[in-house]
Amino acid sequence: MNQRFILYAALVCVATGLGEEGRVVVISPHPSSIRHEFSRAFARWHEQRFGMPAAVEWRDLGGTADALRFVLSEFAAKPEGIGLDCFFGGGPEPALVLADRHLAQAHRLPAADLDGIPQSFNGVEVYDRDHQWYGAALSSFGILQNTRVQRLVHLPLARRWEDLADPRLRGWVGAGDPRNSGTMNNMFEAFLQAYGWERGWQLLTEISGNVTKFDRLSTTTAKEVTLGETAYGFTIDFFGFAQVAVAGRSNMVFVLPEDFTAISPDGITLLHGAPHPLTARRFLEFTLGEPGQRLWFLPRGHPEGARDYSIERMSVRPEFYRRYREVSNIAFSPFDLKQAFVYNAAVARQRREVVAALAGALLVDVHAELRSAWRAMIRRGLVPAERAELGRMPVTEAAARELAQGGWKGPELRNRKKTEWQSWARAKYRALARGGAPTVAAATDHAP
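Residues 1 to 448 in our numbering are what the sequence shown lists, from first letter to last.
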């Protein structure tokens, strides 16, 4: 937990005499910049609107996966309530999981706030039809690039995701561990949906050969691109925009790849048994209403935008893109995006843990062996048969779905499969590094 935010909220409560309903306890993987700005702006809005102070008390468990695991484990022990009011951030999956497990508390926003937000667009749900969760902002994923480093070492600008598999980029790509980062899990899942299971894993494996290391948090990946430790990074849009603002547009660029762009809501959920329901509902209303949406959307320094940090995010209100066209630094509206690809959050939610485990076992935990194999293959001229072998999977999409729907909940099977996949991948990569014939078994048609 971030003790500074907890201490700050406690001091505010003591100093102002806040009662139990004068606070809201929020668990969030959002970075400290967002937490800081929302604490400040919500307190100001609440006092202006209701004539009394209020404070946000934050719980910080790290990445999305860690935060969601904590919430689920707490509810398993305390089903009536866990002392938390809201889960805020982490993409669509946490909100969907919490709603599916009946751990979300429905709250219909006032009409004045809800009328300006479409329930869905282009196949993307912006909020739940039963009002169990709302998209607080919209997110897209892209490639943050250090163009200064690219110029210095003569690297190309990446315009498509598959450009990151270019062997010239070996050692210059940054990514996060999808087991810990909800952002990275969503990005990996988008590859599998956009390209299909086999081609998606093939590209992810080759790109991972170019990755210098897998970061625990996606924020670290973005910062390392800015520092020049890498020249390309898997990044969510607002991390990308923030780093471009820090380093300058002549040194950095955030690219939405031409092959596909995944748009998804970044959820906020009122939790079952919320201890401060009145203030929690008001926090939702602030976040989804125009004051909270302006805080996301307008640039730092604007009277209704962020004060101390740049947190520019895409609003869930289509009208903002017209109203603030000359003010906001967000130059495009996702509501105007025309593409065939639509991210399926339901599919992602169903197989989230299996995809994360596969990525961990095949790409992250054996990364040293994967990099060695990729390096040797590049020296040999990237023989097509070897590339096919590099990206071959130990489990089919149908078998992965069967695992996700059945035995994956059992720890014995889950741990056994992780170990088997890791050993399978290590043997495959070592054989490819030696240049010898593959010694590993074929992919399974059914979940063992």
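Backbone N, C-alpha and C define an ideal beta-carbon position, used for all residues, glycine too.
Endpoints, beta strand (DSSP E) assigned at Gly-209: Looking at the DSSP string, Gly-209 is not in any beta strand (DSSP E); the run it does join, the alpha helix (DSSP H), is 197-210.
C-beta contact flag for His-36 and Tyr-309 at 8 Å: yes
Sequence-distant residues of its chain with Cβ nearer than 7 Å to Phe-188 (five each side left out): Apart from the 5 residues on each side of it in sequence, Phe-188 sits with its Cβ closer than 7 Å to the Cβ of Pro-178, Leu-204, Val-355 and Ala-359 in its chain, given in chain order.
Collapsed DSSP secondary structure at Ala-54 in the structure displayed: coil
Under the three-state DSSP convention, the category Lys-338 falls into: coil
contact_flag[the stretch 283-300, the stretch 105-116] where n(CB pairs < 8 Å) is 3 or more: yes
Cβ contact (3+ pairs, closer than 8 Å) linking the stretch 364-373 and the stretch 425-434: Touching, yes.
Residues sharing a beta bridge with Asn-122, DSSP: Looking at the DSSP assignment, Asn-122 forms no beta bridge with any residue, so it has no partner.
Exposed unless 16 or more other CB atoms sit within 10 angstroms - verdict on Asn-186: Its Cβ being crowded by 16 or more others within 10 Å, Asn-186 is buried.
Arg-523 versus Gly-176 - alpha carbon distance: With the chain covering 1 to 448 only, the question about residue 523 has no answer from this structure.
Proximity winner among Arg-49, Ala-262, Phe-121 and Phe-75, relative to Tyr-195 (alpha-carbon distances): Ala-262
The stretch 318-330 touching the stretch 133-152, judged by at least three CB pairs closer than 8 Å: no
Candidates Thr-220, Gly-123 and Val-26: closest to Thr-269 by CA position: Among Thr-220, Gly-123 and Val-26, the Cα nearest to that of Thr-269 belongs to Val-26.
Cβ-based neighbour list, Ala-500, same chain, cut-off 6 Å, excluding 5 preceding and 5 following: With the chain covering only 1 through 448, there is no way to say anything about residue 500.
Secondary structure of Met-252, DSSP reduced to three states: strand
Beta-carbon proximity list for Phe-141, same chain, < 8 Å, skipping 5 on both sides: Thr-183, Asn-186, Met-187, Ala-190, Phe-234, Thr-235, Ile-236, Asp-237, Thr-261 and Ala-262
Coil, strand or helix - Lys-418 by DSSP: helix
Neighbourhood of Val-366 by C-beta distance below 7 Å, restricted to the same chain and skipping five residues each side: Gln-422, Ala-425, Arg-426 and Tyr-429
Opposing strand residues paired with Asp-266 [DSSP bridges]: Ala-137
Cutoff 7 Å; reference Glu-80; Cβ partners in own chain excluding five residues on either side: Gly-273
Contact check, Asp-266 vs Gly-83, beta carbons under 8 Å: no
Option nearest Arg-387 by Cα separation, candidates Gly-240, Glu-397, Pro-394 and Trp-374: Trp-374
8 Å CB neighbourhood of Val-126 in its chain, flanking five on each side removed: Ile-117, Pro-118, Gln-119, Ser-120, Tyr-134, Gly-135, Leu-138, Pro-265 and Val-316
Nearest candidate by alpha-carbon position, reference Phe-88, set Glu-74, Thr-220 and Val-24: Val-24
Contact under 8 Å by Cβ, Phe-241 with Thr-219: no
Test item: CB-CB of Phe-297 and Glu-312 under 8 Å: Contact flag set, yes.
Cβ neighbours of Glu-206 in the same chain (closer than 8 Å, five flanking residues each side left out): Ala-165, Trp-374, Arg-387, Leu-390 and Gly-391
7 Å CB neighbourhood of Val-255 in its chain, flanking five on each side removed: Hits under 7 Å: Gly-142, Ile-143, Gln-145, Ala-158 and Arg-159.
Spatial distance of Ala-247 from Arg-199 (CA atoms): 35 Å
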